[in-house]
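Just so we're aligned, residue 4 is where the sequence shown starts under my numbering, counting upward by one. The beta carbon of each residue, even a glycine, is placed where N, CA and C say it ideally should be. Computed from a prediction, not measured in an experiment: that's the story for all the values here.
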Amino acid sequence: MKALHDPDRLLTQGLAEIRGQFKVPEQFPAPVTAAAQAAAQRPIDSHADRTGMPFVTLDPASSTDLDQALAIEAAGADLLLHYAIADVGWFVGSGDPLDAEAWERGETTYLPDGKAGLYPPQLAEGAASLLPDGPRPAVIFTTRVAPDGMVRLEGAERALIRSRAKLAYETVRDDDLPAGFVELARRIAAAEDHRGAARVDPPEQEVEHDGDGHFTLRFRPLLPSETRNAALSLATNLAVADALYSAGTGLFRVMAGPDERAIGRLRHTARAFGLAWPAEASLAQFERRLDPAVPRDAAFMLAVRRAGQGVSYVPYRAGTVPWHAAMAATYCHCTAPLRRLADRYVVEAALAVANGRAVPEASTQAFEQLGAVMGRSGARSAQVERAVVDLAEAAILAGREGELFDAVVTDLGENGARIQLCALPVVARTTAHAVTPGAQIRVRLTQADPARRAVRFERVA
4 MKALHDPDRL LTQGLAEIRG QFKVPEQFPA PVTAAAQAAA QRPIDSHADR TGMPFVTLDP
64 ASSTDLDQAL AIEAAGADLL LHYAIADVGW FVGSGDPLDA EAWERGETTY LPDGKAGLYP
124 PQLAEGAASL LPDGPRPAVI FTTRVAPDGM VRLEGAERAL IRSRAKLAYE TVRDDDLPAG
184 FVELARRIAA AEDHRGAARV DPPEQEVEHD GDGHFTLRFR PLLPSETRNA ALSLATNLAV
244 ADALYSAGTG LFRVMAGPDE RAIGRLRHTA RAFGLAWPAE ASLAQFERRL DPAVPRDAAF
304 MLAVRRAGQG VSYVPYRAGT VPWHAAMAAT YCHCTAPLRR LADRYVVEAA LAVANGRAVP
364 EASTQAFEQL GAVMGRSGAR SAQVERAVVD LAEAAILAGR EGELFDAVVT DLGENGARIQ
424 LCALPVVART TAHAVTPGAQ IRVRLTQADP ARRAVRFERV A
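Quick look at the structure:
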C-alpha cells in the first residue's frame, strides 16, 4: 500500500476492523485453492526457449509475487527493452474457479499489514511468479526506446525465461543492473517532461512511536531504483497502448486532471505548508519543483495524489482518443497481471496484435465488462486506503486533545470547513463557517479517536 506502512504493526486492531468493514477477503475458497494447485502443475509446452537471455527482477526485498523481469540491449542509438510479464493466462482458463474468483476480486487489495491477493499464493507467489528458482513462463514485450524517449512495440512472444537474480530496491547497485538501465529510465523521464506529464510519485508514509509513546508519521521518499523501474513499466504500457489503439482494440486507463476547484484547494494546501506556488505556474510545473525528501513537499505530493478526479478503464471506441492526463498520453495497464485482472486480457490482446493475429474473443468481450469490475475493485481499494489514512491521522493525534494547531481552510461544505494542518499532513473538518478558502485559522483538537477513525477540531481564532 503506497499511502502507509506500519512495519511494527502498531495499528493492528484498527486495520482488522477496516478489513471487516470493507469485506476484504481473508482467504480463498477451497475450490479456488485446489484449482491453483492443479494449475501450478500445468506443463509448459508452447513457449519459445529464452532461458539464455539475462533477465533479472527488481522489486521490494520482501516481494514474492513478481510480475516483471527485464533485459536490455543496445540497437544502434536505440535501446531495446525486453520486458517479461508473468504469463497468468497460461495458468488461468476462462470460466474456471481461478478466473471466477479473480472477476470477483478485480485486483489485489493492500493494507499496511498484508494483502488480499487476486490469485492464490500457489500461483501469484509460486508457479506464475518470475522468481529466480527455475524457468518460468512469460510473455516478453520488446519495446524500442529512441534517444528522445519515444517508444514503439517491436514484438511479443510467449517464452520460457530464467531470472538471473532477484534484485531489491533497497540494496541494488547500478552495476547489478543490465547495461542501459539508467539511460533508459532517463530517456523515459525526459519524454514525460516533454509531453508535460504530471505523474506524481509521492513518498510513502510510515507509522512509528516517538519517545513519548505517541504515534508519529514519517515520510520515506522513493528510492532512485524504484522510480527508474517504474519508468520501464511505463514504457511498456505506453508502447502496448499505442499498438492496441492503432489496431482498433484494447482497454485503456483514463484520467482527467484535477478540476479548477481541486486546484484551488491545492493552492490553499500549498500555502498551509509554506510552499511558494507562483500564480503563473501550472500544477504540473509546480510539481516538478518538489523534493519528496523535504517533509512539507512530501505532504503536498500526497495531497495532489488525493485531489485527482479518479481513474477508470474504457474499451476502444472509434473516433475517441482515451487520455490519461497524468501521463499526457494514451495509456494502458498490462505489466501487473498477478495483481490486476484487466492486465491478463490486455496481455493476450497485445500478444495477438504484435503477431498479426485476431484478438481473442475472450479479451474483446472482457474489455466491454472490465470497466465496471475494475471500477468496483478500485473504489474498494480507495475506500480502504482512505480509512487507513484516517486511522493513522487519528492515531498520531490521540492524546493531544486540547492542543492548538495552525491550519488553512482549503474548501467549504455543508459540514463546515475543510482544513489542512500546517505542521502535520492531516486533513480534517472544523465547524467554522464564517471563513473563506485560503484563510489561516487556529483550531483546537477536540477529538482523536483511533477506534472510530474520527478527528474533530473547533476554531478558536
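- The Cβ neighbour count for residue 97, taken over all protein chains shown within 10 Å, is under 16; the residue is labelled exposed.
- Between the segment 197-206 and the segment 378-396, the count of C-beta pairs closer than 8 Å stays below three; the two stretches do not touch.
- As for any alpha helix (DSSP H) of minimum length 4 sitting wholly inside the segment 150-216, the runs are 184-198, ordered along the chain.
- Setting aside the 5 residues that flank it on each side, residue 119 is surrounded in the same chain by 27, 28, 112, each with a C-beta closer than 6 Å to its C-beta; the list follows chain order.
- The C-beta of residue 52 has fewer than 16 other C-beta atoms within 10 Å across all chains shown, which makes the residue exposed.
- If one requires a minimum length of 4 residues, no alpha helix (DSSP H) run lies completely within the segment 374-455.
- Using a 10 angstroms sphere on the CB of residue 104, the tally of other CB atoms reaches 16 or more, which defines it as buried.
- Beta bridge pairing from DSSP links residue 26 with no other residue.
- For residue 311, the closest C-alpha among the options 195, 20, 269, 396 is that of 269.
- For residue 334, the three-state secondary structure derived from DSSP is coil.
- Residue 449 sits close to residue 404, with the two beta carbons spaced by under 8 Å.
- When beta bridges are read from the DSSP output, residue 81 appears opposite 78.
- Within 10 angstroms of the beta-carbon of residue 321 lie fewer than 16 other beta-carbons, which makes it exposed.
- Rounded to the nearest whole angstrom, the C-alpha separation of residue 315 and residue 257 is 5 Å.
- Counting other Cβ atoms within 10 Å of its Cβ, residue 340 reaches 16 or more and is therefore classed as buried.
- The C-alpha of residue 284 is placed about 37 Å away from the C-alpha of residue 349.
- Shown here, residue 271 sits in a helix according to DSSP, grouped into three states.
- The C-beta distance from residue 338 to residue 236 rounds to 5 Å, short enough to fall under 8 Å.
- Exposure of residue 418 is indicated by the presence of fewer than 16 other C-beta atoms within 10 angstroms of its C-beta.
- Residue 344 and residue 365 have their alpha carbons spaced roughly 13 Å apart.
- Between the alpha carbons of residue 433 and residue 410 lies a distance of about 10 Å.
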